[in-house]
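J.: Numbering-wise, our numbering comes out as the position in the sequence shown, counting from 1, plus 776.
Next up is a structure, given as structure tokens.
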Amino acid sequence: PNPKQRAMRATVISLLPIILLGASSGWCLSSDRRAVQTLQSRRDVLASSAATLVSASVCTMSPSVAVAAGGGLAAKLSQRDPAALKNSIFNIPPAAQIYPDFMRGEWEVQERFSGYIFPSTTIPKSKVIEDVQIPGFQKCSIAAISDIGKESTTYRMRIDDKGRDDRKYNLANTIGAHLGYNDAVDSIDYDPSSNPNRISVTFVPNRTRNAERIELFFNARESEVVPNPKDETSKIFVAAEYQRQVTFSLSQEFGVARQVVGNYAHFWTWREQPDGKTLTGNVLTAAYLDPQDALFFQEPAKPVVVYSHNLEAKRVAT
777 PNPKQRAMRA
787 TVISLLPIIL
797 LGASSGWCLS
807 SDRRAVQTLQ
817 SRRDVLASSA
827 ATLVSASVCT
837 MSPSVAVAAG
847 GGLAAKLSQR
857 DPAALKNSIF
867 NIPPAAQIYP
877 DFMRGEWEVQ
887 ERFSGYIFPS
897 TTIPKSKVIE
907 DVQIPGFQKC
917 SIAAISDIGK
927 ESTTYRMRID
937 DKGRDDRKYN
947 LANTIGAHLG
957 YNDAVDSIDY
967 DPSSNPNRIS
977 VTFVPNRTRN
987 AERIELFFNA
997 RESEVVPNPK
1007 DETSKIFVAA
1017 EYQRQVTFSL
1027 SQEFGVARQV
1037 VGNYAHFWTW
1047 REQPDGKTLT
1057 GNVLTAAYLD
1067 PQDALFFQEP
1077 AKPVVVYSHN
1087 LEAKRVAT
């Protein structure tokens, strides 16, 4: 590496304590955003912290939150343990996600990158960082958050009066917002009535070198609504979606498409606010190794990286 690259990789990024469900932002991993802005790639961001990552501590969760979590997904998240975010073993195709009444309408969402952690105890961080095919290490490798590490992103989210999200609209919005240009997506093929578990995204030719087409396969979903222990009049919605993404792009070999397979899951926490016009929340994205990865049998189910983003949504239409 040249002197500039060495200086960039020497940047130190530390993690602040993890807090799950007991704080307004959910599970928050914090990092130095100035360093994120300075480094040119998300692998450099992660590599710079490999030797200096601070062991994350866990804040004590109040009994009321633990009770509110019940025995489902919220309880899993309340364990405050990345190892609890295991990849799903799927057999039956999941039904489409249904959102609660308080989330229906159109929202302007502001997403802020809040950190990451390498939770594996069997694979060294240095080995994880070398694996360029892990979701999040390259642009477009996680479709809905196409630029992991981008400090702040604003996009639109639409959920209809039956609680179904407008996948075409939402995905096109978030991809364009993360990449920085709204004309990145040429078309999205999705028919929830026939198959809610597959989406095809085609990009405008030559608009981004990392993806010409993305195929998304949804393997499992979980969700539940739990009471907010701090406000009896409002609720908390938690949801999880496990995905397999196949990304096609140009390769260096003429006439042969580059194909990258990634496995990851999003874990959302959305909190209803008393005014009915805002939501606050957090999304954790757990990246798993693909069965074809050379390191797979060292970590076949647990995530090797978990990214965190804080969310704030303002209602723009009902």
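Backbone N, C-alpha and C fix where the C-beta goes; we use that ideal spot for every residue, glycine too.
1) Given that a residue counts as buried once 16 or more other Cβ atoms are within 10 Å of its Cβ, and exposed if not, what is Y957?
2) With three or more C-beta pairs closer than 8 Å as the rule, is the stretch 861–881 touching the stretch 926–943?
3) Just to confirm, is the Cβ distance from V1022 to D1066 under 8 Å?
4) Measure the Cβ-Cβ separation of I990 and R943 and say whether it is below 8 Å.
5) Going by the beta-carbon positions, is the gap between V961 and A948 smaller than 8 Å?
6) Need the endpoints of the beta strand (DSSP E) that N1058 sits in, please.
7) Excluding the 5 residues flanking T1094 on each side, which residues of the same chain have their C-beta closer than 7 Å to its C-beta?
8) What residue from N1086, A1077, A987 and A871 has the CA that sits closest to V1059's CA?
9) Return the CA-CA distance between Q1019 and K1053, expressed in angstroms with no decimal places.
10) With a cut-off of 8 Å on the beta carbons, I'd call T950 and Y931 a contact; round off their distance for me.
11) Compute the minimum distance between the beta carbon of V1081 and the heavy atoms of the ligand MN, and state whether it is under 7 Å.
12) Leaving out five residues on either side along the sequence, give the residues of the same chain with a beta carbon under 6 Å from the beta carbon of L861.
13) How many angstroms separate the CA atom of N988 from the CA atom of P1003?
14) Is the CB-CB distance between G887 and V1092 below 8 Å?
15) CA-CA distance, K901 and F889?
16) Taking only the alpha-carbon atoms, compute the straight-line gap between P870 and M933 and give it to the nearest angstrom.
17) Considering only the beta carbon of each residue, do T978 and L955 sit closer than 8 Å?
18) In angstroms, rounded to a whole number, what distance separates the CA positions of A1041 and N863?
19) Any idea what DSSP makes of R943, helix, strand or coil?
T.: Based on what the coordinates show:
1) Exposed, since its Cβ has fewer than 16 Cβ neighbours within 10 Å.
2) yes
3) no
4) no
5) yes
6) T1054 to Y1064
7) Within the same chain, T1094 has close Cβ partners G881.
8) N1086
9) 30 Å
10) 5 Å
11) Judged by which ligands are present, the structure shown has none, so any question about the ligand MN falls away.
12) A1062 and P1079
13) Reading the sequence as shown, one finds Glu at residue 988 and not Asn. If you take the alpha carbons of E988 and P1003, they lie about 43 Å apart.
14) The sequence given here places Glu at residue 887; Gly does not occur at that position. The answer is no: Cβ separation not under 8 Å.
15) In this structure, the CA atom of K901 is about 20 Å from the CA atom of F889.
16) Rounded to whole angstroms, P870 to M933 spans 22 Å at the Cα level.
17) no
18) C-alpha separation (whole angstroms): 7 Å.
19) helix
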